[in-house]
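K.L.:
Got a structure for you, written out below as structure tokens; questions coming shortly.
Residue numbers (our numbering): 31 to 355.
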């Protein structure tokens with residue numbers, strides 16, 4: 031390698047294959063154990079080849095130096111921001127890329143680059159958070175499937191927020207052996223029955239409890255969706271549920287406890303065949319007393335009336351406290 035500069039000078043104008051062969055030989059000299067003078071010469075050659083017009087030469091260089099721990103920052107940045115054939119293997123394997131450099135690559139938004147970052151042997155918690163926040167779906171999936179990535183509660187929470195219905199991603203998340211305990215329930219709420227079964231076994235949760243969590247999540251989403259719809263649409267949907275026997279006490283309780291008062295008023299109106307606008311106005315004016323009157327009109331039993339009335343009273347109390355704050 032003492033003649034490295036002379037070798038480089040003689041083949042600068044040579045065929046691509048010769049320059050590619052030189053690029054592949056550089057890796058053996060760019061190690062912490064190599065002679066200092068050889069390392070300096072190799073770095074000089076590598077920096078020149080990093081700007082070679084041939085993608086094949088630059089790709090060979092990136093592959094050869096990908097595991098080196100002594101690359102200068104300027105060379106690292108050039109290789110990491112080259113075309114995909116050059117940059118992706120380097121990004122995936124180079125130990126010289128810092129979290130700051132990797133975060134900048136993630137933030138740039140290229141899905142292939144993000145996926146390469148997510149596939150590294152080790153992905154720190156801050157970098158995992160960055161990917162969970164800004165990564166495209168393929169990158170987030172690679173992150174979840176990478177045992178070397180850190181899955182903190184914050185990372186899991188952001189993934190669940192961004193991809194609440196992406197079954198393949200949620201299933202992959204459920205297979206993580208290091209899933210935070212406080213991420214299990216939110217994940218259970220979003221999983222299909224098959225994927226939910228895997229979590230039940232791994233975390234020793236009762237199947238009835240898992241089913242309860244899933245149903246609670248479904249009803250919460252239902253209530254939020256209904257509240258954002260026009261009243262005629264809400265009425266039509268809840269009337270259908272009433273006809274098929276699914277507009278029950280549990281759904282009414284969930285609507286009021288979740289703060290979906292608009293949908294709750296429509297549901298009560300459907301039960302007693304009264305215009306929901308009247309129900310909502312009456313509830314605003316007379317509170318729990320009005321609700322009890324409507325529930326009695328619907329022939330709902332005393333115990334159920336008491337349960338709904340207490341839930342509605344709790345809702346009113348929390349609303350007043352929030353306004354006071």
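Beta carbons are placed, not taken as given, at the ideal position from N, Cα and C, and that holds for glycine. In this text, all values refer to a predicted model and were calculated from it rather than measured experimentally.
Cutting at 6 Å between CB atoms, please list the residues of its own chain near residue 175, excluding the five before and the five after it.
P.N.:
202
K.L.:
Can you find a heavy atom of the ligand MG that lies under 7 Å from the Cβ of residue 274?
P.N.:
You won't find the ligand MG in this model; it holds no ligand whatsoever.
K.L.:
Cβ atoms of residue 156 and residue 129: under 8 Å apart, would you say?
P.N.:
yes
K.L.:
How big is the Cα-Cα spacing for residue 144 and residue 45?
P.N.:
When rounded, the distance between both Cα atoms is 34 Å.
K.L.:
Using only alpha-carbon positions, find the residue among 210, 311, 217 that is nearest to residue 183.
P.N.:
210
K.L.:
Please go through the same chain and pick out, in chain order, the residues whose beta-carbon is closer than 6 Å to the beta-carbon of residue 283, but skip the five residues on each side of it.
P.N.:
341
K.L.:
Using the three-state DSSP reduction, which class does residue 180 fall into: helix, strand or coil?
P.N.:
Assigned with DSSP and collapsed to three states, residue 180 falls in coil, not helix or strand.
K.L.:
How close, in whole Å, do the beta carbons of residue 69 and residue 83 come, if the pair is a contact with beta carbons under 8 Å?
P.N.:
Not a contact, Cβ separation roughly 26 Å.
K.L.:
Would you call the region 318-336 and the region 263-271 in contact, with 3 or more CB pairs under 8 Å?
P.N.:
no
K.L.:
Return helix, strand or coil for residue 304, following the three-state DSSP convention.
P.N.:
coil
K.L.:
Select from 320, 186, 117 the residue whose C-alpha is nearest the C-alpha of residue 295.
P.N.:
320
K.L.:
Looking at the structure shown, is residue 174 part of a helix, part of a strand, or coil, going by DSSP?
P.N.:
helix
K.L.:
Would residue 172 and residue 148 qualify as a contact pair, given that the criterion is a beta-carbon distance under 8 Å?
P.N.:
yes
K.L.:
Would DSSP call residue 261 helix, strand or coil?
P.N.:
helix
K.L.:
To the nearest angstrom, how far is the alpha carbon of residue 348 from that of residue 220?
P.N.:
Those two C-alpha atoms are separated by around 28 Å.
K.L.:
Taking the C-alpha atoms as reference points, what is the distance between residue 33 and residue 140?
P.N.:
The pLDDT assigned to residue 33 is 47, lower than 50, so where the model puts this residue is not dependable; a value taken from the coordinates is nonetheless given after this. Using only the alpha carbons, I get a separation of about 40 Å.
K.L.:
Of the residues 161, 289, 125, which one's Cα is nearest the Cα of residue 136?
P.N.:
161
K.L.:
Looking at the strands, I want to know which residues DSSP matches up with residue 153.
P.N.:
179
K.L.:
Quick test of your reading: residue 146 and residue 121, contact by CB under 8 Å. State the CB separation rounded to the nearest angstrom.
P.N.:
Taking 8 Å as the upper bound for CB-CB distance, residue 146 and residue 121 are in contact here, some 4 Å apart.
K.L.:
Quick one: Cα of residue 53 to Cα of residue 106, how far?
P.N.:
Those two C-alpha atoms are separated by around 15 Å.
K.L.:
Of all the options 297, 159, 291, which has the alpha carbon lying nearest to the alpha carbon of residue 275?
P.N.:
297
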